[in-house]
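Chains as they are written, first to last, in our numbering: chain A, 1 to 305; chain B, 1 to 305.
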């Protein structure tokens with residue numbers, strides 16, 4: 001079942017203890033789409049400048065991603081650069097050049113509007129809301145946000161997520177949005193804001209899913225080397241929604257499974273872990289569905305008792 | 001099967017965001033023994049002063065803990081006081097009065113020496129080594145340590161743990177002992193130091209067990225209120241070794257189960273979570289084995305997929 005992904009497409013400059021790359025393909029919508037493409041037909045909505053390289057278009061198209069919604073305009077593509085701390089748990093932004101992304105005003109191609117699944121990457125909440133309004137009647141719509149919007153556009157963000165089925169944020173954002181330091185209490189408050197399903201990403205510590213009175217928790221995969229965590233949270237999102245779309249899952253059905261939702265969190269974790277194994281999107285040049293499914297089984301092996 | 005527990009017995013003064021207690025029963029051996037007592041006959045080796053209250057002796061004895069190894073001497077019992085930060089992830093030590101504990105030189109009663117299970121709480125590594133030497137031929141012996149000994153008594157610590165079956169430490173200590181920031185690499189190095197089984201406690205994030213090339217990871221239990229984390233790591237140890245002793249498990253058998261070892265980590269996690277629900281040892285005044293087994297099943301429910 002087809003998935004629409006909306007968000008940034010960018011070039012990134014990244015420095016980690018394992019090395020440095022001056023300029024490489026990045027952006028939330030890029031990572032989400034690449035990860036989701038292993039599970040379902042994916043349609044990307046974003047904006048790039050005339051410097052966007054043919055080889056990057058080919059990488060996306062080569063994964064079967066529909067690019068009708070990728071607007072090309074005069075100017076430069078969004079550029080972000082950052083440097084990670086030695087333990088990789090924090091990063092400093094060195095450069096943010098919005099470029100053509102400053103005028104991003106997503107318009108969905110007609111063929112996108114009746115697709116059943118929608119994943120909104122982190123962009124200004126008003127834009128996310130406008131995209132949601134353009135979709136006819138999705139089975140499952142949700143997205144990500146960030147501390148900036150919780151801080152400076154709280155009311156607009158609340159109006160936006162009120163219409164979502166799921167919200168997918170990290171632990172710091174969950175605490176900030178709810179005003180609760182305890183994550184179980186934070187989840188309870190956030191589930192009162194609209195989304196009936198909440199996924200909280202905890203970086204190296206894994207992820208949690210809350211729905212009604214039920215919850216599911218998975219620890220993070222133990223990588224021996226984290227080369228570059230950039231995009232890991234977005235790849236989690238792509239694996240999560242991609243798997244649900246593949247299954248044709250309808251989250252409005254009033255149950256949380258030991259079933260599809262939990263397995264979607266595992267596939268999200270799997271995709272996030274692969275993302276960290278190489279710089280940028282490099283891992284997706286060779287990654288196969290068989291590797292993904294093998295790591296899914298690894299999760300089962302190291303968590304079951 | 002009977003377990004010998006060695007370590008501090010103390011009075012603690014604790015302040016958390018939920019309140020403050022001036023003086024209450026504490027100490028590693030106290031928490032380990034109380035937790036283990038739900039699973040197996042437990043024998044405590046420690047030292048207290050003549051101020052040790054009858055009601056505290058009664059609490060321990062009431063849980064069936066053998067106190068022949070609890071030495072009583074003139075002077076005051078070890079006293080520690082600390083204050084937790086608002087998020088409970090850190091604490092500041094306000095007072096450490098070793099008192100009679102400064103002269104602790106554990107001597108095992110004759111009846112303790114041929115018991116099959118030994119858990120060494122965090123004390124000076126030379127003392128731990130002396131206790132290990134007093135045991136005849138335990139099926140399973142291991143213990144805990146702390147950053148202080150890794151720092152100031154590294155060689156003595158290495159000689160001590162070389163003779164252990166298992167080492168049970170927190171993530172910061174594992175990084176410090178191994179010199180590796182990545183926990184999977186850290187575990188590999190530590191398993192080369194003697195213990196064939198390593199348990200790494202991660203506080204609110206759960207725990208990991210490493211043995212050979214295999215590992216098991218469990219996320220932490222999501223408590224709505226952490227009243228007082230004091231003793232949680234020791235209760236984890238008590239649940240872990242207590243369950244293995246109850247099962248009559250022999251860790252020298254060359255396998256890691258999806259079996260007993262993983263379940264021992266869950267029981268450790270269960271006991272650590274109960275410990276945090278009230279101040280000090282209060283939770284153990286009412287806790288039942290039925291509650292413990294029910295929470296074990298909760299772990300299964302929120303982690304299985």
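Just so you know, even glycine gets a beta-carbon here, dropped at the ideal spot from N, CA and C.
Sixteen is the threshold: when 16 or more other Cβ atoms of the shown chains lie within 10 Å of the Cβ of residue 122 of chain B, as they do, the residue is buried. For residue 190 of chain B, the closest of B:166, B:136, B:108, B:260 by C-alpha to C-alpha distance is B:166. For the pair of segments examined, the stretch 13 to 29 of chain A was found to touch the stretch 216 to 233 of chain A: the number of CB pairs separated by less than 8 angstroms reaches three. Taking 7 angstroms as the Cβ-Cβ cut-off, the stretch 87 to 109 of chain A approaches chain B at 87, given in chain order. Chain order gives the chain B residues near residue 206 of chain A as 219, where near means a beta carbon separation below 7 angstroms. With fewer than 16 other CB atoms across the displayed protein chains lying within 10 angstroms of its CB, residue 107 of chain A is exposed. As computed with DSSP, residue 72 of chain A is found in a beta bridge with A:48. For residue 57 of chain A, the closest Cβ of chain B is not nearer than 9 angstroms. Scanning A:206, A:212, A:80 for the CA closest to the CA of residue 222 of chain A turns up A:206. With fewer than 16 other CB atoms across the displayed protein chains lying within 10 angstroms of its CB, residue 68 of chain A is exposed. Distance between residue 250 of chain B and residue 37 of chain A, taken at the CA atoms: about 47 angstroms.
Closest in C-alpha terms to residue 195 of chain B, from the list B:187, B:29, B:202, comes B:187. Under a 10 Å Cβ-count criterion, residue 28 of chain A is classified as buried, with 16 or more other Cβ atoms of the shown protein chains found around its own Cβ. Taking a cut-off of 8 angstroms for Cβ pairs, the stretch 67 to 86 of chain A and the stretch 123 to 140 of chain A do not touch, as fewer than three such pairs fall below it. Close to residue 181 of chain A, with beta-carbon spacing below 8 angstroms, are these residues of chain B in chain order: 86, 87. Residues are counted here when their Cβ sits less than 7 angstroms from a Cβ of chain A; for the stretch 235 to 254 of chain B the count is zero. When C-alpha distances from residue 45 of chain B are compared across B:264, B:4, B:175, the shortest belongs to B:4. For residue 19 of chain A, there is no enclosing alpha helix (DSSP H); the enclosing beta strand (DSSP E) has its first and last residue at 19 to 26.
Excluding its 5 nearest sequence neighbours in each direction, residue 172 of chain A has C-beta neighbours in its own chain below 8 angstroms: 147, listed in chain order.
Interface with chain A (9 angstroms Cβ-Cβ cutoff): residue 303 of chain B is included. For the set B:95, B:53, B:270, the Cα lying nearest the Cα of residue 294 of chain B is the one of B:270. In the displayed model, residue 131 of chain B falls within a helix according to three-state DSSP. The beta carbon of residue 90 of chain A lies closer than 8 angstroms to those of 84 in the same chain, with the five residues before and after it left out. Residue 263 of chain A places its beta carbon less than 9 angstroms from that of residue 296 of chain A.
Burial of residue 175 of chain B is indicated by the presence of at least 16 other C-beta atoms within 10 angstroms of its C-beta. Across the structure, residue 61 of chain A and residue 151 of chain A are spaced so that their CA atoms are roughly 36 angstroms apart.
Between residue 259 of chain B and residue 302 of chain A, the C-beta gap is not smaller than 9 angstroms, which leaves the two residues out of contact. Beta-bridge partners assigned by DSSP to residue 208 of chain A: A:200, A:217.
Under the DSSP assignment, residue 85 of chain B falls outside any beta strand (DSSP E); it carries neither an H nor an E label.
Residue contact check for residue 27 of chain A against chain B: no CB pair falls below 9 angstroms. For residue 216 of chain B, the nearest CB of chain A lies under 9 angstroms from its own CB, placing it at the interface with that chain. When 9 angstroms is used as the limit between beta carbons, residue 185 of chain B is near these residues of chain A: 224, 225, in chain order. The C-beta of residue 178 of chain B has 16 or more other C-beta atoms within 10 Å across all chains shown, which makes the residue buried.
Proximity to residue 33 of chain A across A:54, A:118, A:65 peaks at A:65, based on C-alpha coordinates. Counted as a single uninterrupted DSSP element, the beta strand (DSSP E) harbouring residue 166 of chain A occupies residues 166 to 170. Think of a sphere of 7 angstroms around the beta carbon of residue 169 of chain B: no beta carbon from chain A falls inside it, the nearest being about 17 angstroms out.
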